[in-house]
């Protein structure tokens with residue numbers, strides 16, 4: 155349940171995780187899920203505690219980058235950098251190592267070290283033309299770091315590369331690229347509502363509150379007769395003929 159809710163309803167996922175903890179706090183999967191739920195709600199202290207507990211139970215290192223990012227969230231980028239250089243990183247798979255690189259670059263930016271952040275992201279994974287699950291995020295982070303360092307031309311190039319790799323819309327690279335190009339998007343719903351408003355008839359036409367037929371003489375013009383005196387006029391004409 156926590157895994158299903160975590161993207162759509164982080165607060166709901168967090169609530170379920172607390173219930174699960176009360177029922178099965180000695181189950182590693184429960185502690186890990188609770189960590190993810192807390193992390194999604196930016197409760198970094200709780201998340202770090204749960205990730206540590208899960209790691210003690212399983213001995214796995216796959217949560218190491220998330221633990222380092224929790225240190226960032228707690229305002230301790232130096233600790234995150236220490237973790238990025240720890241032996242545990244060598245035990246991570248390729249995806250985990252890329253994630254650790256992203257966290258380390260973020261820590262450098264937290265410390266105001268933009269050039270160091272850019273260098274941290276430069277890697278064989280970034281240079282590769284192959285698209286992997288992490289490619290879009292890595293290219294996006296690199297573009298964002300370049301832009302923060304006032305290297306706009308290079309940033310635009312890498313935002314475009316991020317768009318090419320972002321097949322599932324995991325980043326807003328396309329929006330960032332459009333913003334740099336000065337493209338403005340109009341909400342289709344707002345545009346349609348505005349068009350409907352322009353097409354609405356004037357109040358006088360809609361409600362009939364304009365001049366009445368009697369005021370304009372439209373009735374007489376249309377029939378050529380006074381509707382109330384039509385019979386009387388006919389009688390007078392017949393009398394004249396007689």
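Residue numbers (the working numbering): 155 to 396. We put the beta carbon where it would ideally sit given N, CA and C, even for glycine. Being a predicted model, the structure only gives us computed values, none of them experimental.
Rank 335, 336, 267 and 333 by C-alpha distance to the C-alpha of residue 303 and give the top, closest one. 267
Buried or exposed: residue 231, going by 16 or more other Cβ atoms within 10 Å of its Cβ? buried
With 16 other Cβ atoms within 10 Å as the buried cut-off, status of residue 209: buried
Less than 8 Å between C-beta atoms, sequence neighbours within five positions excluded: which residues of the same chain meet that for residue 224? 193, 198, 199, 201, 202 and 205
With distances taken Cα to Cα, identify the nearest neighbour of residue 328 among 272, 179 and 290. 290
Spatial neighbours of residue 362 in its chain, beta-carbon cut-off 6 Å, leaving aside the 5 residues before and after: Residue confidence for residue 362 is low, a pLDDT of 48 falling below 50, so the modelled location carries little weight and cannot support an answer.
Minimum C-alpha distance to residue 235 - residue among 222, 180 and 309: 222
Excluding the 5 residues flanking residue 218 on each side, which residues of the same chain have their C-beta closer than 6 Å to its C-beta? 242
Which value, in whole angstroms, describes the spacing of the CA atoms of residue 249 and residue 288? 7 Å
Minimum C-alpha distance to residue 311 - residue among 325, 322, 330 and 321: Scanning 325, 322, 330 and 321 for the CA closest to the CA of residue 311 turns up 330.
Using the Cα positions of residue 281 and residue 179, report the straight-line distance between them to the nearest angstrom. Residue 281 and residue 179 have their C-alpha atoms some 43 Å from each other.
Taking the straight line between their C-alpha atoms, what separation do you get for residue 214 and residue 338? If I take the Cα positions, the gap works out to 47 Å.
Alpha-carbon spacing of residue 274 relative to residue 211, whole angstroms: 32 Å
DSSP three-state assignment for residue 166, whether helix, strand or coil: Note: residue 166 maps to helix in three-state DSSP.
Which of helix, strand or coil does DSSP assign to residue 266? In the displayed model, residue 266 falls within coil according to three-state DSSP, outside both helix and strand.
How close, in whole Å, do the beta carbons of residue 299 and residue 259 come, if the pair is a contact with beta carbons under 8 Å? 7 Å
Leaving aside the five residues before and after residue 255 along the sequence, list all residues of the same chain whose C-beta is less than 7 Å from its C-beta, in chain order. 274, 275 and 277
Nonlocal neighbours in the same chain, by C-beta distance under 6 Å from residue 285, ignoring five residues either side: 319
Report the rounded CA-to-CA distance for residue 183 versus residue 336, giving the unit in angstroms. When rounded, the distance between both Cα atoms is 47 Å.
Anyone know if the C-beta pair for residue 246 and residue 216 falls short of 8 Å? yes
Using the beta-carbon count (16 or more within 10 Å), is residue 186 buried or exposed? buried
Helix, strand or coil: how does DSSP classify residue 215 here? coil
Separation of residue 229 from residue 253, as counted between CA atoms: 19 Å
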